[in-house]
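A.B. asks: To convert, take the position in the sequence shown, counting from 1, and add 157; that gives my numbering. Beta carbons: idealized from backbone N, C-alpha and C, even for Gly.
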Amino acid sequence: MPETHFLRTLEPDPDNAGVGIGVKMKSFSSHMAFLFTIQVTVSALATDLETIEIKAFAEKPSTTSVKTVEKKNIVHSEELLNQTPNVTLAGGSNRSRYIIMRGSGERSQYDSVPSHSIGFYVNHIELSGLSGIVPLGAGQSMQVEKGPMSHVYGSHSALGHIHVQSEYQEKSQIRLSGANYSQKSGAMSLSGKVGSRTKQSSSMALNFSDGPYRNTYKGISTSGQEEGYVSSSWSHELVKNVQVEHHHLYGRAKNGYDVWNTQNNFETSADRPGSDDQSTQGHSLVISYKLN
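#1: Using a Cβ-Cβ cut-off of 7 Å (strictly less than) and excluding sequence neighbours within five positions of glutamine 435, which residues of its own chain qualify?
#2: At the level of alpha carbons, what is the spacing between glycine 343 and tyrosine 374?
#3: On the DSSP letters alone, give me the boundaries of the alpha helix (DSSP H) that asparagine 412 sits inside.
#4: How is the alpha helix (DSSP H) around histidine 308 delimited, first residue to last?
#5: When DSSP labels each residue in this structure, what does isoleucine 290 get in the three-state scheme?
#6: Bridge partners of isoleucine 444, per DSSP?
#7: On the DSSP bridge assignment, give the partners of arginine 332 in chain order.
#8: For isoleucine 211, does the three-state DSSP call read helix, strand or coil?
#9: Just the Cα atoms here: how many angstroms apart are lysine 328 and asparagine 418?
#10: Would a C-beta distance cut-off of 8 Å place serine 253 and glutamate 235 closer than the cut-off?
#11: Just how far apart, CA to CA, sit isoleucine 282 and histidine 313?
#12: Measuring alpha carbon to alpha carbon, tell me which of Gly260, Arg354, Ser250 and Tyr255 ends up nearest asparagine 243.
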């Protein structure tokens with residue numbers, strides 16, 4: 158970490174003109190350090206102490222395949238992240254929006270943090286701090302990279318990086334489900350080739366639930382979920398080895414958040430229940446060239 162030293166200097170301050178001499182703070186940094194991981198391998202049978210191999214290495218990313226998502230019947234990114242080792246989610250909202258990796262990261266009480274420690278992307282669209290809007294449809298995989306990734310993905314991935322990607326397999330799926338608390342959800346996805354050079358992947362998901370908490374003051378359920386999500390991805394081979402991809406997503410959530418009480422049960426009495434609402438839309442355009 159860089160060490161920052163502050164110097165206090167007396168200079169005329171235009172903001173305090175007519176009052177006196179204002180004090181300005183000047184700062185400079187020194188002793189910059191760069192963190193990286195090294196692996197030290199020492200041979201137990203070596204007689205020469207100089208035979209020590211030191212090499213830098215990158216940890217292999219954890220990738221959850223499409224088959225695994227479908228086999229475990231995972232319908233939301235929250236469910237998959239909760240099953241990933243060394244990855245937890247921060248609460249404080251109906252859908253967790255912040256990610257903690259290896260014990261480091263933001264918690265939900267931080268509002269509008271300037272730079273997220275864990276980057277969350279969906280088809281190259283950054284949704285850091287908004288990950289609670291993303292369900293997982295058929296034909297989608299998730300890649301989790303633990304450790305500093307800012308040199309590849311930017312400052313929002315200083316402690317890790319998570320990327321949900323659509324895959325263009327020949328597949329179509331419709332899913333309907335219901336559960337307690339009047340939960341009703343459905344999803345539809347379609348992917349495959351459109352022409353000789355064009356592939357597409359589209360999905361839509363809806364989820365409605367009253368939630369387990371009931372507000373006795375208002376006489377209604379105040380922790381329900383009303384969520385909708387649509388995504389579309391297109392890939393076209395422009396010329397040989399040149400691929401053009403366009404991705405679009407739209408998500409809307411109108412969720413309640415009213416869970417605090419003194420009896421440790423599912424009844425609340427807040428006169429102004431909280432909410433966890435968002436409306437998110439994003440586009441990405443990716444042009445890639447494959448080297449022979």
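C.D. replies: Concretely, from the data shown:
#1: Taking the first residue of the sequence shown as 1, we reach residue 435 at position 278. These residues qualify, in order along the chain: Leu287, Ile290 and Ala410.
#2: To locate residue 343, count along the sequence shown from 1; it is residue 186. To locate residue 374, count along the sequence shown from 1; it is residue 217. In a straight line, the C-alpha of glycine 343 is about 32 Å away from that of tyrosine 374.
#3: The sequence position of residue 412 within the sequence shown is 255, counting from 1. Careful: asparagine 412 lies outside any alpha helix (DSSP H), inside the beta strand (DSSP E) at 399-414.
#4: Your numbering for residue 308 matches position 151 in the sequence shown. Residues 307-310.
#5: Stepping through the sequence shown from its first residue, residue 290 is reached at position 133. Helix, per DSSP.
#6: Taking the sequence shown and counting its residues from 1, one reaches residue 444 at position 287. Looking at the DSSP assignment, isoleucine 444 forms a beta bridge with Val401.
#7: Position 175 of the sequence shown, counted from the start, is the residue given in the question as residue 332. In DSSP, arginine 332 forms a bridge with Ala344.
#8: Translated into the one-based positions of the sequence shown, residue 211 becomes position 54. Unreliable positioning characterises isoleucine 211 in this predicted model, as indicated by a pLDDT of 36, which lies under 50. The coordinate reading is nonetheless provided below. If DSSP states are grouped into helix, strand and coil, isoleucine 211 belongs with the strands.
#9: On the sequence shown, residue 328 is found 171 positions in, with the first residue counted as 1. On the sequence shown, residue 418 is found 261 positions in, with the first residue counted as 1. Lysine 328 and asparagine 418: Cα-Cα distance of roughly 46 Å.
#10: Start at 1 with the first residue of the sequence shown, and residue 253 comes out as number 96. Start at 1 with the first residue of the sequence shown, and residue 235 comes out as number 78. Yes.
#11: Walking along the sequence shown from the start, residue 282 turns up at place 125. Walking along the sequence shown from the start, residue 313 turns up at place 156. Taking the straight line joining both Cα atoms gives about 13 Å.
#12: One-based indexing of the sequence shown puts residue 243 at position 86. Ranking the options by Cα distance to asparagine 243, first place goes to Gly260.
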